[in-house]
Amino acid sequence: MRPLRIGQALAVLALLASGAACTAREKVVIQYDCIPNYANWGGVTALYKAVAGVTIPPDPKGSSVAMAALEKEARHPVADCAYYSGAIGYQAAAKGLHQPYRPKGWERIPGDLKDARGLWWTVHTATIAFIVNTKALNGAPVPRSWADLLKPDYKGMIAYDDPTWGGTSYTLVYGINVLEGGDATHWKPGLDYLKRLDRNVAAYPRESIYNGVLRGETPIWINADGNGYKMRYVDGAPVEVVIPSEGTFTMPLVMGMAKGAPHPEATRRYFDWLLTPAAQAEFAKAFFRPVVAGTLPADLAAKFLPASEYGRARSLDLAAMAGAADGLKRAWLETVRGAR
Amino acid sequence: MGRASAERARAAPGGFLLALPLLLFFASAVLWPVLDLLRSSLGREGGEALRAVLREDRYRLALLHSVLLSAAASAGSLLLAAIPAWVLARDDFPGKRVARALILLPLTFSGVMVGFLTLVMLGRVGAVPTVARFLTGAPIGSGAAYTLVGLFLAYLYFEVPRATVALESAFRRLPRDVDRAARTLGAGRWTRLRRLTIPMLAPAIRSTLAITFSASMGSFGVALILARRFSVAPLEVYTELTGFQNDAAAGVLCLLLAAITLVVDRLLARGRA
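In order, the protein sequence lines correspond to chains W and G.
For reference, each letter of the first sequence is one residue, going 0 to 339 in numbering that gives the first Met the number 0.
For reference, each letter of the second sequence is one residue, going 0 to 272 in numbering that gives the first Met the number 0.
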């Protein structure tokens with residue numbers, strides 16, 4: 000028995016050692032907020048592995064959590080970069096968590112979608128929409144407006160992410176306030192609407208519920224439009240994307256290079272690649288609109304709702320959003336989710 | 000000085016050396032983080048945070064939920080675990096090892112996974128409401144996963160195995176001859192259970208309750224998935240840390256959780272000779 004055991008132990012040790020050696024040689028870039036089924040990060044990172052041999056591991060943090068992690072680790076950085084919804088990326092840059100880098104193709108990013116120094120820049124954009132699993136509605140009509148969502152038909156059917164977790168939902172919370180007549184310091188109109196909506200809300204998830212919507216667990220998810228198109232066209236689910244009639248909001252999704260990134264050169268090359276037509280078209284497969292004009296393949300462009308629908312989407316002031324972020328998120332927590 | 004204690008004295012330095020790895024581990028994995036936690040929650044911001052935590056309903060209700068859920072899960076798992084633990088400890092039957100492995104299986108699942116399993120069973124379109132609709136026409140249990148009851152059931156899921164392990168070894172140590180003697184002296188089944196078995200088991204029952212209670216108090220993953228319309232204390236810690244980088248409030252909540260758990264543990268330990 001004994002020699003066999005020693006042999007086994009040696010084999011295990013050898014395996015562990017070879018594993019460690021592999022990790023040491025492997026080229027990696029660590030990106031916080033790299034959720035495989037959000038914006039096709041799964042496909043994008045797999046493509047980058049194929050073309051450059053660099054691994055970008057998946058990471059389940061939402062924007063806010065990614066920023067919190069960068070802040071916690073500021074003295075001993077672990078991450079090379081992070082992906083955020085615009086306002087949170089702006090806030091992270093303002094907190095001094097980023098270092099500047101202007102990737103190749105910089106001039107093709109519209110001026111209002113990047114920081115002049117390169118502390119953050121937009122990689123693609125999305126629009127807040129209703130993602131509706133029509134089969135799970137139990138016969139209720141597809142909601143067409145923010146007002147519709149308040150109807151008792153939709154009790155227990157609606158979800159939007161906890162805005163203290165995800166930036167997409169923070170965009171929604173900020174945007175609905177603007178739509179209801181509030182502004183960067185006057186939040187009551189938006190919070191009042193969300194409080195009324197709360198009666199119909201089943202969940203404020205703190206993880207991606209993409210699969211839950213596919214299964215019909217959550218019939219109505221207020222989230223980025225692209226996730227809904229992907230459910231419909233890639234996963235073949237009975238899903239409809241609705242741009243509410245009162246209007247909605249566009250959301251830039253941005254990258255920022257972490258201050259003290261452990262793999263700075265690899266990160267810069269990765270950022271350069273993200274703006275190439277190949278990478279931009281890969282994001283488009285998940286129906287996130289490429290920031291570089293002309294890289295959205297025509298067959299995919301045809302699957303979006305017509306431009307007239309998108310005419311109702313307005314852009315939001317990132318600086319004002321970032322300034323309101325902490326206060327508005329806490330106000331949401333206290334008045335909408337409340338104590339229960 | 001007796002021979003035994005002289006030997007013990009000689010063994011001490013060697014024992015210390017042997018314990019050194021554990022001590023180092025304890026210092027780095029327990030002591031240091033706890034001191035860091037105390038520093039961040041007892042500082043100037045800590046007093047402010049403590050007042051906020053004690054004053055605001057959101058935190059107080061989260062703590063209350065934690066305590067009630069943990070107490071319920073602890074009591075419920077004790078009741079549910081008693082019979083399997085008894086059978087595993089006292090009876091021999093074919094497939095016993097497989098049965099034990101199956102009962103213990105949930106212990107290997109992470110909390111997040113248990114949360115998703117609960118959704119699959121008791122979600123809005125979960126297995127239970129689907130079957131119920133088929134049988135009765137009404138989707139009974141639909142969305143129960145998101146309620147306190149759903150979270151309670153999910154806690155039971157991993158507390159029952161924990162309680163089974165703890166109780167089984169206690170049942171195994173139960174001296175059978177005392178029971179036989181009582182029977183010979185004419186004590187009936189209930190008298191024996193009431194006067195002998197339960198008093199002898201009392202320490203094990205108390206420690207089982209303590210183990211499951213403290214595990215539930217600290218449980219996070221299940222609540223992260225299920226507690227979407229109400230909160231428990233570990234979730235508030237997460238929200239304060241990740242949503243607002245508010246170390247002081249998170250630290251204060253952690254300390255309150257730890258304090259409650261310790262007090263309950265001490266109360267249960269009293270009389271556990």
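Ideal Cβ positions, reconstructed from N, Cα and C, are used throughout, including at glycine.
Check: Where does residue 160 of chain W land, buried or exposed, given buried means 16+ other C-beta within 10 angstroms?
Finding: For the purposes of this step, residue 160 of chain W is taken as the residue at position 161 of the first sequence. Here residue 160 of chain W is buried, its C-beta having at least 16 other C-beta atoms within 10 Å.
Check: Using 8 Å as the threshold, is the region 148–165 of chain G in touch with the region 110–120 of chain G, meaning 3 or more CB pairs across them?
Finding: The region 148–165 of chain G vs the region 110–120 of chain G: in contact.
Check: At a Cβ threshold of 8 Å, is residue 204 of chain W touching chain G?
Finding: Looking up residue 204 of chain W in the first sequence gives position 205. Chain G, which has a Cβ nearer than 8 Å to the Cβ of residue 204 of chain W, makes this yes.
Next item on the list: Assign residue 242 of chain G to buried or exposed, taking buried as 16 or more other Cβ atoms, counted over all protein chains shown, within 10 Å of its Cβ.
Entry: Working through the second sequence from its first residue, we reach residue 242 of chain G at position 243. By the 10 Å Cβ count, residue 242 of chain G comes out buried.
Notebook entry, point to check: How would you call residue 115 of chain W, buried or exposed, if buried means at least 16 neighbouring beta carbons within 10 angstroms?
Noted result: Working through the first sequence from its first residue, we reach residue 115 of chain W at position 116. The residue is exposed, with fewer than 16 neighbouring Cβ atoms inside 10 Å.
Check: Taking a cut of 9 Å between CB atoms, which residues from the region 306–331 of chain W lie near chain A?
Finding: Any reference to chain A falls outside this structure, whose protein chains are W and G.
Check: Going along chain W, which residues have a C-beta under 9 Å from residue 154 of chain G?
Finding: Within the second sequence, numbered from 1, the residue matching residue 154 of chain G stands at position 155. Within chain W, no residue has its CB atom less than 9 Å from the CB of residue 154 of chain G, the nearest being about 18 Å off.
Next item on the list: Residues of the region 165–182 of chain W with a CB closer than 8 Å to any CB of chain G: list them in chain order, please.
Entry: Close to chain G, meaning a Cβ-Cβ distance shorter than 8 Å, is no residue of the region 165–182 of chain W at all.
Notebook entry, point to check: In the region 233–246 of chain G, which residues sit with their C-beta less than 7 Å from some C-beta in chain W, listed in chain order?
Noted result: So the close ones are 238, 240, 241, 242, 243, 244.
Check: Just by C-beta distance, which residues in the region 124–152 of chain G are closer than 7 Å to chain W?
Finding: Within the region 124–152 of chain G, those residues whose Cβ lies closer than 7 Å to any Cβ of chain W are, in chain order, 124, 142, 145.
Check: In its own chain, which residues sit with a C-beta less than 7 Å from the C-beta of residue 41 of chain G, not counting the 5 before and 5 after it?
Finding: As a working note, residue 41 of chain G is residue 42 in the second sequence. Excluding residues within five positions, none has a Cβ falling inside 7 Å.
Next item on the list: From the DSSP output, read off the bridge partner residues of residue 120 of chain W.
Entry: Residue 120 of chain W sits at position 121 when you count from the first residue of the first sequence. According to DSSP, residue 120 of chain W bridges with W:113, W:254.
Next item on the list: Using three-state DSSP, classify residue 343 of chain W as helix, strand or coil.
Entry: Given that chain W is displayed from residue 0 to residue 339, the structure contains no residue 343 of chain W and the question cannot be resolved.
Next item on the list: Can you tell me the Cβ-Cβ gap for residue 200 of chain W and residue 327 of chain W, rounded? I've got them flagged as a contact below 8 Å.
Entry: As a working mapping, residue 200 of chain W is identified with position 201 in the first sequence. As a working mapping, residue 327 of chain W is identified with position 328 in the first sequence. For residue 200 of chain W against residue 327 of chain W, the beta-carbon gap comes to about 18 Å, at or over 8 Å, which does not count as contact.
Next item on the list: Just grab the DSSP bridge partners of residue 129 of chain W for me.
Entry: As a working note, residue 129 of chain W is residue 130 in the first sequence. Looking at the DSSP assignment, residue 129 of chain W forms a beta bridge with W:221, W:241.
Notebook entry, point to check: Which residues bound the alpha helix (DSSP H) around residue 324 of chain W?
Noted result: Residue 324 of chain W sits at position 325 when you count from the first residue of the first sequence. For residue 324 of chain W, the enclosing alpha helix (DSSP H) covers residues 317–331.
Notebook entry, point to check: List, in order along the chain, the chain G residues whose C-beta lies closer than 7 Å to that of residue 214 of chain W?
Noted result: Counting from one through the first sequence, the residue named residue 214 of chain W turns up at place 215. What residue 214 of chain W touches in chain G, judged by beta-carbon distance under 7 Å, is 124, going in chain order.
Item checked: Neighbour-count burial assignment, residue 240 of chain G, 16 or more Cβ in a 10 Å radius -> The sequence position of residue 240 of chain G within the second sequence is 241, counting from 1. Classification for residue 240 of chain G: buried.
Next item on the list: May I ask you to list, following chain order, the residues of the region 56–79 of chain W that have a beta carbon less than 7 Å from some beta carbon of chain G?
Entry: Flagged, chain order: 63, 64, 67, 70.
Next item on the list: Assuming residue 226 of chain G contacts residue 234 of chain G (C-beta within less than 8 Å), just tell me the rounded distance between them.
Entry: For the purposes of this step, residue 226 of chain G is taken as the residue at position 227 of the second sequence. For the purposes of this step, residue 234 of chain G is taken as the residue at position 235 of the second sequence. Contact flag correct, Cβ pair sits at about 6 Å.
Item checked: 4-residue-minimum alpha helix (DSSP H) runs that sit fully inside the region 131–183 of chain W, ordered along the chain -> Runs found: 166–178.
Margin query: My assumption, with CB atoms under 8 Å, is that residue 132 of chain W sits in contact with residue 225 of chain W. Please give the rounded CB distance.
Written below: For the purposes of this step, residue 132 of chain W is taken as residue 133 along the first sequence, with counting starting at 1. For the purposes of this step, residue 225 of chain W is taken as residue 226 along the first sequence, with counting starting at 1. At roughly 16 Å, the Cβ-Cβ gap does not stay under 8 Å, so residue 132 of chain W and residue 225 of chain W are not in contact.
Check: By a C-beta neighbour count over all protein chains shown, 10 Å radius and 16 as the cutoff for buried, is residue 215 of chain G buried or exposed?
Finding: One-based indexing of the second sequence puts residue 215 of chain G at position 216. Per the 10 Å Cβ criterion, buried.
Checklist line | Residues near residue 13 of chain G in its chain [Cβ-Cβ closer than 6 Å; skip 5 each side] | finding: Locating residue 13 of chain G in the second sequence gives position 14, where the first residue counts as 1. Cβ neighbours of residue 13 of chain G beyond the five flanking positions: none.
Next item on the list: Compute the Euclidean distance between the alpha carbons of residue 269 of chain G and residue 212 of chain G, then round it to the nearest angstrom.
Entry: Locating residue 269 of chain G in the second sequence gives position 270, where the first residue counts as 1. Locating residue 212 of chain G in the second sequence gives position 213, where the first residue counts as 1. C-alpha of residue 269 of chain G to C-alpha of residue 212 of chain G: approximately 16 Å in a straight line.
Notebook entry, point to check: Which stretch, first to last residue, makes up the alpha helix (DSSP H) that contains residue 80 of chain W?
Noted result: By 1-based counting over the first sequence, the position of residue 80 of chain W is 81. Note, residue 80 of chain W: premise wrong, no alpha helix (DSSP H); beta strand (DSSP E) at 80–84.
Check: Based on the DSSP secondary-structure assignment, which residues constitute the bridge partners of residue 289 of chain W?
Finding: Here residue 289 of chain W corresponds to residue number 290 of the first sequence, with the count starting at 1. Residue 289 of chain W is bridged by DSSP to W:123.
Check: CB-CB under 7 Å to residue 325 of chain W, same chain, minus the five flanking residues each way: which ones, in chain order?
Finding: Along the first sequence, read from residue 1 onward, the residue named residue 325 of chain W stands at position 326. Hits under 7 Å: none found.
Notebook entry, point to check: Short check: CB of residue 263 of chain G to CB of residue 209 of chain G, under 8 Å?
Noted result: Here residue 263 of chain G corresponds to residue number 264 of the second sequence, with the count starting at 1. Here residue 209 of chain G corresponds to residue number 210 of the second sequence, with the count starting at 1. Cβ atoms of residue 263 of chain G and residue 209 of chain G: closer than 8 Å.
Notebook entry, point to check: Would DSSP call residue 248 of chain W helix, strand or coil?
Noted result: By 1-based counting over the first sequence, the position of residue 248 of chain W is 249. Three-state result, residue 248 of chain W: strand.
Checklist line | residue 31 of chain W vs residue 68 of chain W beta-carbon contact at 8 Å | finding: Start at 1 with the first residue of the first sequence, and residue 31 of chain W comes out as number 32. Start at 1 with the first residue of the first sequence, and residue 68 of chain W comes out as number 69. Yes; because the gap between Cβ atoms is below 8 Å, this pair is in contact.
Note to self: Please identify, using Cβ separations under 9 Å, the residues of the region 125–158 of chain W that lie next to chain G, in order along the chain.
What the structure shows: Listed by position, the residues of the region 125–158 of chain W near chain G (Cβ gap below 9 Å) are 135, 155, 156, 158.
Margin query: Measuring straight from C-alpha to C-alpha, what distance separates residue 86 of chain W and residue 186 of chain W?
Written below: Here residue 86 of chain W corresponds to residue number 87 of the first sequence, with the count starting at 1. Here residue 186 of chain W corresponds to residue number 187 of the first sequence, with the count starting at 1. Rounded to the nearest angstrom, the two C-alpha atoms are 17 Å apart.
Note to self: Taking 8 Å as the cut-off, does the region 327–337 of chain W touch the region 153–169 of chain W (at least 3 CB pairs, one atom from each stretch)?
What the structure shows: As far as the Cβ criterion goes, the region 153–169 of chain W touches the region 327–337 of chain W, which means the pair count is three or higher.
Next item on the list: Could you say if the region 118–126 of chain W and the region 140–156 of chain W meet the contact criterion of at least three C-beta pairs nearer than 8 Å?
Entry: No, the region 118–126 of chain W is not in contact with the region 140–156 of chain W.
Check: So, residue 232 of chain G versus residue 65 of chain G, is the Cβ gap smaller than 8 Å?
Finding: For the purposes of this step, residue 232 of chain G is identified with residue 233 of the second sequence, where counting begins at 1. For the purposes of this step, residue 65 of chain G is identified with residue 66 of the second sequence, where counting begins at 1. Yes, Cβ-Cβ distance for residue 232 of chain G and residue 65 of chain G is below 8 Å.
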